[in-house]
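Reading through the structure tokens given below for one structure.
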Amino acid sequence: MAAIILEGKPLAERLRNEIAEQTAAFTARTGVTPCLAAVLVGDDPASQVYVRNKQKACEKAGIRSQMHHLSAATTTSELLGLIARLNGDASVHGILVQLPLPKGCNEKQVLDAVTPLKDVDAFHPENVGLLMQGRPRFLPCTPHGCLQFLLSAGVETRGAEVVIVGRSDIVGKPLAAMLIQKGRGGDATVTVCHSRTRDLAQVTRRADILVVAIGRPQFVTGAMVKPGATVIDVGINRVDGRLVGDVDFDSAAAVAGAITPVPGGVGLLTVTMLLKNTLTAAELQTAG
Ligand code: NDP
2 MAAIILEGKP LAERLRNEIA EQTAAFTART GVTPCLAAVL VGDDPASQVY VRNKQKACEK
62 AGIRSQMHHL SAATTTSELL GLIARLNGDA SVHGILVQLP LPKGCNEKQV LDAVTPLKDV
122 DAFHPENVGL LMQGRPRFLP CTPHGCLQFL LSAGVETRGA EVVIVGRSDI VGKPLAAMLI
182 QKGRGGDATV TVCHSRTRDL AQVTRRADIL VVAIGRPQFV TGAMVKPGAT VIDVGINRVD
242 GRLVGDVDFD SAAAVAGAIT PVPGGVGLLT VTMLLKNTLT AAELQTAG
């Protein structure tokens, strides 16, 4: 069996066009141009590329972007000062702190300082709580991107057995919270696995939908996939100068019914959902 490849590019393009249209309508109605402020600390080349891609995507969607690039020597309190200024700046609607921060910075403290209405990554405890209760203000970008693949490919989540490998606050936990909600794109039976899971392959082989976000290159092989399953590979790993996912694409694609590629998969959707959240943030702040 050869799996259908769920390409991120056409899906991201369609959604970005929709967001651009909604942004243009919002700006025409209110005179306000949504604005995303990106905070980048240090000189990590991958982080620089991610932030640049996010800024380019903003421009194309009619969203303004600001870049605050600080040296790796920046202290937590300097960073908190910048976040406070951005929180108070009415022309900024979304604040993105590119992770990881350098070792000396207190990541939790910095992320918690972003005012919840501008927290377009949906990392703030208030936004996480709203998500858990099924009344999200913002959907977290990467999990929302995963969900978009399932919705656009017509993969039914209701009653489906979903296995998520990885329990991070950025991907695994919020995705589980989304998939167990009632309604469209939810109603799934979700199992979350991690490094302490016993007999991982036995669990993953149960999955109608298997999502992998562990940061281990090509870790999940075809032998761990149920025939016909939908496989969403969140992983981004650089191996010998090449990007690969957490799933061994060739062996998994031979067994799965559908699979996302890396590159060209979830990453494109993560950026797209950030645009959506920035527009939502501008709408909420303008309405308020
Ligand atoms: P984290 O390092 O925060 O979390 C990794 C998770 O995987 C942990 O829960 C860990 O378990 C689990 N894990 C690690 N090894 C194993 C194993 N051998 N078996 C089972 N579980 C394991 O990673 P992130 O969630 O931040 O990122 C995961 C991957 O997704 C990375 O490759 C990252 O680059 C990518 N990513 C991609 C994005 C995109 O837009 N496409 C966005 C964000 C991340 P434990 O908790 O027990 O340690």
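Quick note: to get the numbering used here, add 1 to the position in the sequence shown (first position is 1).
Cβ coordinates follow ideal geometry from the N, Cα and C atoms, glycine included.
Here the structure is a predicted model, which means the values were calculated and not measured.
- Membership of Leu285 in any beta strand (DSSP E) is not indicated; the residue belongs instead to the alpha helix (DSSP H) covering 267-288.
- If you look at Val193, you'll find it isn't in any alpha helix (DSSP H); it sits in the beta strand (DSSP E) that goes 190-194.
- DSSP places Val40 inside the beta strand (DSSP E), whose first and last residues are 36-42.
- By the neighbour-count definition (other C-beta atoms within 10 Å, threshold 16), Ser196 is an exposed residue.
- Look at Asn238 here: in three-state DSSP terms it is strand.
- Per DSSP, the continuous beta strand (DSSP E) segment holding His70 begins and ends at 65-71.
- Distances from the alpha-carbon of Leu201 to those of Val33, Leu102, Ile215 put Ile215 closest.
- For His70, the number of other beta carbons within 10 angstroms of its own is below 16, and it is reported as exposed.
- Between the alpha carbons of Ala85 and Ala91 lies a gap of roughly 12 Å.
- With a cutoff of 8 Å on beta-carbon distance, Pro126 and Pro175 are scored as not near each other.
- Put simply, the residues with a CB less than 5 Å from any heavy atom of ligand 1 are Thr143, Gly167, Arg168, Ser169, Ile171, Val172, His195, Ser196, Ala214, Ile215, Gly216, Val235, Gly236, Ile237, Val267, Gly268, Thr271, in chain order.
- For Leu132, the enclosing alpha helix (DSSP H) begins and ends at 126-133.
- According to the DSSP secondary-structure assignment, Arg243 is paired through a beta bridge with Val240.
- According to the DSSP assignment, Val163 belongs to the beta strand (DSSP E) that extends over 162-166.
- One thing to note: Gly223 has its Cβ no nearer than 8 Å to the Cβ of Asp234.
- Counting only residues of its own chain and dropping the five nearest sequence neighbours on each side, Asn278 has a CB closer than 8 Å to the CB of Gly95, Val121, Asp122, Ala123, Phe139, Leu140, Cys142.
- Ala21 carries a helical assignment under DSSP once its states are collapsed to helix, strand and coil.
- Minimum Cα-Cα distance from Arg243 among the listed residues Pro228, Gly265, Gly229, Val191 corresponds to Gly265.
- According to DSSP, residue pairing for Gly95 in a beta bridge involves Leu37.
- Beta-bridge partners assigned by DSSP to Thr231: Ile210, Ala259.
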